[in-house]
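Trainee: For the sequence shown, counting from 1, position 234 maps to 408 in this note's numbering; every step adds exactly one. Submitted below is the structure of interest, expressed as structure tokens.
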Amino acid sequence: MSALSLEARRIPETCIHDAPDDIVELSRALRNGLSGTAGIVSEYEAALAALYGVPHVIAVSSGAASVHAALAGIDFEPGDEVVLAPTCPICTVLPILAQGLVPVFCDVAPDSFGLDPDDLLRCLGPRTRAAIEVPMWGYPVRSDQTWTLLRERGITLIQDLAHCHLTRLNGKWLARVGEICCFSTHDCKFMSTGEGGFVMTTSAKRAERIRAYTRFGDLTGKSVGVNLKLGGLQAALGLSRSRRLLFHLDIRQRNRERLLSALDNPAFRELPQPAGGEANGYALLLQAVGHDGRRLVRYQMARGIPSDIGKYDNQPLYQLPLLAPYRRECPNAARLLRSLTTVPLHPDLDNSDLDYIARTLNDYVPN
Ligand SMILES: *Cc1c(COP(=O)(O)O)cnc(C)c1O
Numbered sequence: 175m176s177a178l179s180l181e182a183r184r185i186p187e188t189c190i191h192d193a194p195d196d197i198v199e200l201s202r203a204l205r206n207g208l209s210g211t212a213g214i215v216s217e218y219e220a221a222l223a224a225l226y227g228v229p230h231v232i233a234v235s236s237g238a239a240s241v242h243a244a245l246a247g248i249d250f251e252p253g254d255e256v257v258l259a260p261t262c263p264i265c266t267v268l269p270i271l272a273q274g275l276v277p278v279f280c281d282v283a284p285d286s287f288g289l290d291p292d293d294l295l296r297c298l299g300p301r302t303r304a305a306i307e308v309p310m311w312g313y314p315v316r317s318d319q320t321w322t323l324l325r326e327r328g329i330t331l332i333q334d335l336a337h338c339h340l341t342r343l344n345g346k347w348l349a350r351v352g353e354i355c356c357f358s359t360h361d362c363k364f365m366s367t368g369e370g371g372f373v374m375t376t377s378a379k380r381a382e383r384i385r386a387y388t389r390f391g392d393l394t395g396k397s398v399g400v401n402l403k404l405g406g407l408q409a410a411l412g413l414s415r416s417r418r419l420l421f422h423l424d425i426r427q428r429n430r431e432r433l434l435s436a437l438d439n440p441a442f443r444e445l446p447q448p449a450g451g452e453a454n455g456y457a458l459l460l461q462a463v464g465h466d467g468r469r470l471v472r473y474q475m476a477r478g479i480p481s482d483i484g485k486y487d488n489q490p491l492y493q494l495p496l497l498a499p500y501r502r503e504c505p506n507a508a509r510l511l512r513s514l515t516t517v518p519l520h521p522d523l524d525n526s527d528l529d530y531i532a533r534t535l536n537d538y539v540p541n
């Protein structure tokens with residue numbers, strides 16, 4: 175056997191999220207009711223509100239549902255516009271279409287997933303109702319600056335933080351920025367309830383609207399709504415696992431530190447964070463220097479190291495048939511996506527996995 179085959183591994187893409195209290199909370203839910211209006215759901219929402227220091231949390235059935243519901247928290251007419259970068263997953267755009275809104279693709283700032291302020295100004299028009307920041311793979315963006323720019327113009331900032339549970343900017347949770355934040359708790363995300371998500375807002379009025387929307391308009395027949403509620407079993411898992419979030423944050427950040435200190439290949443670098451940014455360790459984002467990053471993606475995947483960005487084909491969203499009508503050239507976005515790979519950092523990786531990843535990446539030659 176060659177040295178390579180002796181070393182070959184399959185690094186798992188995500189972790190098993192089980193927490194010590196899972197069974198305790200699940201059995202409590204089984205005895206006390208499993209609907210989306212059961213007490214366990216409110217307990218889960220309260221735990222998230224306390225963790226983030228934000229007064230209103232609405233648990234919903236998925237991350238996509240959280241974007242769909244967040245849009246119900248703003249005033250709009252069909253055909254109004256929502257600005258976002260074409261670097262996010264299509265999951266963020268489909269709810270915009272489902273709500274009868276029009277996505278406007280804005281370029282990102284160089285080497286960032288954050289909206290470029292100059293291009294954002296070009297994208298804003300009389301029909302703009304909101305912009306969505308979608309920081310990817312746990313790395314913060316300057317959404318605080320985006321918020322300042324939008325607030326002066328009366329436009330709502332939504333953040334899709336599906337990747338950015340517990341990401342910090344300037345010592346505060348990134349989730350404290352913007353009027354509404356959306357999260358996914360899908361099994362592949364930072365925290366898992368299997369399927370699930372939640373919406374957070376500081377506004378009692380918006381929270382009421384959003385909650386009603388997720389519950390058939392509270393059945394009053396006065397406003398439109400659908401059923402986006404999170405079930406009691408998922409909420410039970412959310413409750414037990416929310417207690418482990420800070421612990422997982424710690425492990426992921428330590429994994430990131432360990433990998434970064436072992437990497438010494440000048441062919442790539444970590445994607446820069448804005449000053450005051452603290453990535454949550456959801457994944458390590460590496461940027462190829464002076465060559466096409468898709469080469470690095472292929473190299474690592476052939477050696478058993480999954481790259482999440484491979485799933486998105488490293489292309490701006492307006493390349494997809496469904497979104498071609500909304501095409502608006504975003505050169506920074508296209509360049510950024512082509513330059514990147516992602517590397518897992520989840521808590522199920524042990525030191526020998528991390529050392530294998532570091533050795534493999536250090537052996538990479540772009541040529
Ligand atoms: C995963 C993800 C979603 C969708 O979440 P689901 O829970 O799968 O519906 C939305 N936005 C972003 C940025 C995501 O990463």
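Note that CB positions come from ideal geometry on N, CA and C, so glycine has one too. Values in this document were obtained by computation on a predicted structure and should not be read as measured data.
Would you say Val308 touches ligand 1, meaning its beta carbon is less than 6 Å from a heavy atom?
Mentor: Yes - ligand 1 has a heavy atom lying nearer than 6 Å to the Cβ of Val308.
Trainee: How far does the alpha helix (DSSP H) with Ser201 in it extend, from its first residue to its last?
Mentor: Where Ser201 is concerned, the enclosing alpha helix (DSSP H) stretches over Asp196 to Asn206.
Trainee: Report the CB separation of Leu258 from Val315 in whole angstroms; it is logged as a contact under 8 Å.
Mentor: That belief does not hold up - the Cβ atoms of Leu258 and Val315 are roughly 12 Å apart, past 8 Å.
Trainee: Can you grab the Cα-Cα spacing for the pair Pro263 / Leu491, in whole Å?
Mentor: Their backbone Cα atoms lie some 8 Å apart in a straight line.
Trainee: Compare the C-alpha of Arg389 against each of Val231, Gly395, Lys396 and Val400 and name the closest.
Mentor: Residue Val400 is the option with its Cα nearest to Arg389.
Trainee: Taking just the CA atoms, how far does Pro186 sit from Met175?
Mentor: Its pLDDT being 42, under 50, Met175 is placed unreliably by the model, and nothing is read from it.
Trainee: For the beta strand (DSSP E) that contains Asp334, what are its first and last residues?
Mentor: It spans Thr330 to Asp334 - the beta strand (DSSP E) in which Asp334 sits, taken as one unbroken run.
Trainee: Taking the alpha-carbon positions, what's the Gly412 to Ser526 distance?
Mentor: Approximately 30 Å between the Cα atoms of the pair.
Trainee: Taking just the CA atoms, how far does Gly467 sit from Arg183?
Mentor: Cα-Cα distance, rounded: 22 Å.
Trainee: Classify Thr266 as helix, strand or coil using the three-state DSSP reduction.
Mentor: Three-state result, Thr266: helix.
Trainee: Measure from the alpha carbon of Val228 to the alpha carbon of each residue in Val351, Glu251 and Ala305, then state which is nearest.
Mentor: With distances taken between Cα atoms, Val228 lies closest to Val351.
Trainee: Under three-state DSSP, which class holds Phe364?
Mentor: Looking at Phe364 - three-state DSSP - the assignment turns out to be coil, as it is neither helix nor strand.
Trainee: Check whether the Cβ of Gly312 lies closer than 6 Å to any heavy atom of ligand 1, and answer yes or no.
Mentor: Checking every heavy atom of ligand 1 against the Cβ of Gly312, none is found closer than 6 Å.
Trainee: Tell me the rounded alpha-carbon separation between Leu535 and Arg432.
Mentor: The alpha-carbon atoms of Leu535 and Arg432 are separated by roughly 14 Å.
Trainee: Any heavy atom of ligand 1 closer than 6 Å to the Cβ of Asp487?
Mentor: Result no, Cβ not under 6 Å from ligand 1.
Trainee: Please list, in chain order, all residues of the same chain as Arg303 whose beta carbon is under 6 Å from its beta carbon, the five residues on each side excluded.
Mentor: Same-chain partners within the cutoff: Ile248, Phe250 and Asp254.
Trainee: Terminal residues of the continuous alpha helix (DSSP H) containing Pro277?
Mentor: Run containing Pro277: none in the alpha helix (DSSP H); it sits in the beta strand (DSSP E), Val276 to Phe279.
Trainee: Relative to ligand 1, is the shortest distance from any of its heavy atoms to the C-beta of Cys265 smaller than 6 Å?
Mentor: It does: the Cβ of Cys265 is within 6 Å (strictly closer) of some heavy atom of ligand 1.
Trainee: Under a three-way DSSP split, which group does Met475 fall into?
Mentor: In the structure shown, Met475 sits in a helix (DSSP, three-state: H, G or I).
Trainee: Would you call the CB atoms of Ile214 and Ala221 closer than 7 Å?
Mentor: Not in contact: Ile214 and Ala221 (Cβ atoms no closer than 7 Å).
Trainee: Tell me the rounded alpha-carbon separation between Leu268 and Ser414.
Mentor: Cα to Cα, Leu268 sits roughly 31 Å from Ser414.
Trainee: Return the Cβ separation of Cys356 and Leu335 in integer angstroms, given the expectation that the two are a contact with Cβ distance under 8 Å.
Mentor: That belief holds up - the Cβ atoms of Cys356 and Leu335 are roughly 6 Å apart, short of 8 Å.
Trainee: Let me check you understand the geometry: is the CB of Ser235 closer than 6 Å to at least one non-hydrogen atom of ligand 1?
Mentor: Checking the Cβ of Ser235 against ligand 1 gives no.
Trainee: Report the partner residues of Leu289 according to the DSSP bridge assignment.
Mentor: Leu289 is bridged to Val282.
Trainee: In chain order, what residues of the same chain have a beta carbon less than 8 Å from the beta carbon of Val539, not counting five sequence neighbours either side?
Mentor: The answer, listed in chain order, is Ala441.
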